[in-house]
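Below: the structure, in structure tokens.
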């Protein structure tokens, strides 16, 4: 163990005889002097009794598993995984095995939201498609609420006749905390609580909006329910690879791809987004790039805040 | 869908009458002109027929799930998860539920290696402790080989009488590809193949060495077996937070913590390591920092190559 810590100072190197004669006359020659304490790890070198090894609210990674095992924590108390029910609204949706008609698309939000929810530690239940009928959505939300801690819907939160999510929530006597956020994309996001305590996140239908709003809102709730000390996405600073536009009334959280260049600089490439069409580009997204409200545009090379996606 | 792409050019804005009288005499006043094509996504805007949506060898993330679903890929052919048998050697080891004697420590490698192997996509089987007896290790490796694609051992690869791993492998007629690597930490790492094709990685016993060598060698093999297009840890450039020492004969892969500063600069903080004692610091490790062979030391502020750990 050549890298083991050795005492320093004048007495750290012990002068020894370089030859030594054994009883039977064999002469042992020592080729180099030995540093005192070399290859010896002193008891308590890791950490002192009473010190904290790991804090509560930490996501236990592989290296932490080793630390827990070494200190004899065969069983560690952890938070229960919340159960998340995922459902998508909209008569334009057909299931992944069907061929969409001219005015239809296949449901994709159920799959991405389920995957993001699983990454956030949830046990996931994917519900059938509900169309645009308030009554069907209402009965599905009610059924899911019996088993789930959190329900995440997508679509059905626009203004007007297709605003079935809020209609269903109101009929179920949900307390609606907010139904609009100053965010681009994701303005019509709804957050509510059903009378039994189940939380409901009503996300927009656009695949990029749903990914942004899930990770900003629903992910935070799921991690907070698991006692995470830091439930929100980590903010970092990156240099912008090309200019982006903001909007006057809302913060923008735009899909971006993060890379590090050869000068150790974190670079954020904004990706095409905005239409339902842009989820192909969104597959490359590794972060969200923040353009604060009232910032008209940010020039290439500027420093921006980015949130790394899980 | 305010962000939808609109056609540009002179004919993109259609001049319309700002008032319109209906048959019953009602006057409808239009408050703003409508851009032609606004809120319309053209068919095929996502991608053209015949284009590749995702390449083979990609780890499917949440956003990619949405893309696959949207294009009707209800079932996607994926590689089988390799089965990994994890075992630890050494009479100094006691299980996590036991109190170690003066010359003993609790087994921690089995847990960290199992967690890293699971992150690399493997199905993990944790085997009982084998002590220092070649015969017991041999029978356990033989038993694991019947069920596993890869076996990862820790400890028992030093020179001399405790070098039980290579002894057991030789008795099992394993083909040993290498038994020393020019690497710090991790010099005595062994890579072999049993007659039935099962791969064996004999890693050193030091918890930091085992984490470094697992992620450089065994992880790469596990990902390559799953067809990963890029099975090795991603290399990035970071600025060094404080000076580190190298060694003449070997590349060093030192535990480090990565952060991004407010200038968008990726910073690598080298962590204390070298003794078995330093696995408490290792719990903070998020990357390995490369010091090439024959580089005596690297000063703070220099650019270094880092490999982000999973």
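Chains as they are written, first to last, in my numbering: chain A, 996 to 1305; chain B, 996 to 1305. Don't be surprised by glycine CBs; every beta carbon is placed ideally from N, CA and C. The model shown is predicted, which means the values in this text are computed figures rather than measured ones.
Distance cutoff 8 Å, beta carbons only. Does residue i sit that close to anything in chain A?
i	result
residue 1116(B)	no
residue 1125(B)	no
residue 1060(B)	yes
residue 1246(B)	no
residue 1212(B)	no
residue 1111(B)	yes
residue 1104(B)	yes
residue 1217(B)	no
residue 1255(B)	yes
residue 1064(B)	yes
residue 1202(B)	yes
residue 1258(B)	yes
residue 1159(B)	no
If you draw a straight line from the alpha carbon of residue i to that of residue j, how long is it in whole angstroms?
i	j	result
residue 1191(A)	residue 1077(A)	15 Å
residue 1302(A)	residue 1283(A)	5 Å
residue 1145(A)	residue 1069(B)	26 Å
residue 1001(B)	residue 1250(A)	Model confidence at residue 1001(B) stands at a pLDDT of 38, short of 50, so the residue's coordinates are unreliable; what they give is reported in the following sentence. Residue 1001(B) and residue 1250(A): Cα-Cα distance of roughly 20 Å.
residue 1142(B)	residue 1116(B)	16 Å
residue 1113(B)	residue 1221(B)	13 Å
residue 1095(B)	residue 1281(B)	29 Å
residue 1265(B)	residue 1197(B)	26 Å
residue 1216(A)	residue 1194(A)	9 Å
residue 1261(A)	residue 1248(B)	22 Å
residue 1063(B)	residue 1267(A)	19 Å
residue 1279(A)	residue 1179(A)	19 Å
residue 1288(A)	residue 1036(B)	26 Å
residue 1170(A)	residue 1200(A)	22 Å
residue 1226(B)	residue 1304(B)	13 Å
residue 1081(B)	residue 1207(B)	16 Å
residue 1133(B)	residue 1295(B)	47 Å
residue 1252(A)	residue 1128(B)	51 Å
residue 1286(A)	residue 1189(A)	33 Å
residue 1013(B)	residue 1277(A)	38 Å
residue 1021(A)	residue 1205(B)	40 Å
residue 1118(A)	residue 1163(B)	43 Å
Please state the DSSP three-state secondary structure of residue i.
i	result
residue 1139(A)	helix
residue 1281(B)	coil
residue 1247(A)	strand
residue 1287(A)	coil
residue 1237(A)	coil
residue 1107(B)	helix
residue 1166(B)	helix
residue 1031(A)	coil
residue 970(A)	Because residue 970(A) is not part of the residues shown, which for chain A are 996 to 1305, the question remains open.
residue 964(B)	Here chain B comprises residues numbered 996 to 1305, so residue 964(B) is not present and cannot be evaluated.
residue 1073(B)	coil
residue 1214(B)	helix
DSSP has residue i in a bridge; who is on the other side?
i	result
residue 1221(B)	DSSP lists no partner for residue 1221(B).
residue 1172(A)	BP columns for residue 1172(A) are empty, so no partner.
residue 1185(A)	1197(A)
residue 1252(B)	1264(B)
residue 1080(A)	1120(A) and 1146(A)
residue 1022(B)	1016(B)
residue 1231(A)	1301(A)
residue 1038(B)	Paired residues: none, contrary to the question.
residue 1100(B)	1088(B)
Determine whether the Cβ of residue i lies closer than 8 Å to any Cβ atom of chain B.
i	result
residue 1100(A)	yes
residue 1005(A)	Here residue 1005(A) scores only 42 on pLDDT, less than 50, and its place in the model should not be relied on; the value that follows carries that caveat. Closer than 8 Å: no.
residue 1107(A)	yes
residue 1042(A)	yes
residue 1226(A)	no
residue 1001(A)	Any reading at residue 1001(A) is ruled out, since the residue's pLDDT is 38, under 50, leaving its predicted position unreliable.
residue 1067(A)	yes
residue 1277(A)	yes
residue 1280(A)	yes
Starting from the C-beta of residue i, find all residues in its chain whose C-beta is less than 8 Å away, skip the five residues before and the five after it, and write them out in chain order.
i	result
residue 1173(A)	1184, 1185 and 1186
residue 1098(A)	1087
residue 1234(B)	1260, 1261, 1262, 1263, 1296, 1297, 1298 and 1299
Using C-beta distances below 6 Å, list every residue in its chain close to residue i, excluding the 5 sequence neighbours before and after it, in chain order.
i	result
residue 1223(B)	1052
residue 1017(A)	none
residue 1242(B)	1179
residue 952(A)	What is shown of chain A runs 996 to 1305, which leaves residue 952(A) out entirely.
Residues in its own chain within less than 7 Å of residue i by CB, not counting five upstream and five downstream?
i	result
residue 1137(A)	1167
residue 1131(B)	1125
residue 1212(A)	1184, 1186 and 1196
Please indicate yes or no: does the CB of residue i lie closer than 7 Å to some heavy atom of the ligand FMN?
i	result
residue 1088(B)	Summarising the ligand content, the structure contains no ligands, and the ligand FMN is consequently not present.
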